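Asker: Mind looking over this structure? Questions follow.
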Amino acid sequence: MRYSYTCLSNTTTPFILLTNPRQFFTKLADIFTTRRTKAHGAVFLTQKRHPLAGLHPAQPLPLIIRATNGKGKDDRAAKVKLSTVVEPDTLEAFYARYAEVCKAGMTALKPRDRTKRKAKAKKRKGGAAAAATAAA
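Each residue of the sequence shown is one higher than the last, beginning at 109 in our numbering.
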């Protein structure tokens, strides 16, 4: 089977439709690497069911998987948009590889610092208990 990619240019930033999942995973890994090393920021991953005219299809519908590098209106030229269509029969293998690529790309994540919120909650809890004993 021969794969190719199509550029969907309905906006100023083209969406690259990669029909080959290998290409999609390669480009997704590149996005994660770029965001981890050069330009810190977000990577947005979305998925939805492929639209179909009928309300009750006889067989499962394919999924559209999309990824963007999080660049916004300020830097549209640097925005990368990827998309691929996954058929239902290859979904299990696709999700296994998708999880591997995402986990490998998220190694640089830091845990959130919640010490301020915990201290505020502890202070609030301690203040409520002190007010209850003073009222009694």
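Beta carbons: idealized from backbone N, C-alpha and C, even for Gly. Predicted, not measured: the structure shown is a model, and the values here were computed from it.
Starting from V194, trace the beta strand (DSSP E) both ways and give me its first and last residue.
Answerer: Note, V194: beta strand (DSSP E), 189 to 194.
Asker: According to the Cβ coordinates, are L169 and L163 closer than 8 angstroms?
Answerer: Contact flag unset, no.
Asker: Output the residue ranges of the beta strand (DSSP E) runs that lie fully inside the region 211 to 237 and measure 3 residues or longer, sorted by chain position.
Answerer: For the region 211 to 237, not a single whole beta strand (DSSP E) run of length 3 or above is found.
Asker: Enumerated in chain order, which unbroken segments of the alpha helix (DSSP H) with a length of 4 residues or greater are wholly contained in the region 129 to 153?
Answerer: With a minimum length of 4 residues, the continuous alpha helix (DSSP H) runs that stay inside the region 129 to 153 are 129 to 145.
Asker: With A260 as the anchor, note down where its beta strand (DSSP E) starts and where it stops.
Answerer: With the chain covering 109 to 244 only, the question about residue 260 has no answer from this structure.
Asker: Buried or exposed: T192, going by 16 or more other Cβ atoms within 10 Å of its Cβ?
Answerer: The residue is buried, with at least 16 neighbouring Cβ atoms inside 10 Å.
Asker: Which residues does DSSP list as the beta-bridge partners of R157?
Answerer: L171, per the DSSP bridge assignment.
Asker: In angstroms with no decimal places, state the Cα-to-Cα distance between L125 and R174.
Answerer: Whole-angstrom Cα-Cα distance: 9 angstroms.
Asker: Give the DSSP-derived three-state secondary structure of L163 in the structure shown.
Answerer: L163 falls in the coil class under three-state DSSP.
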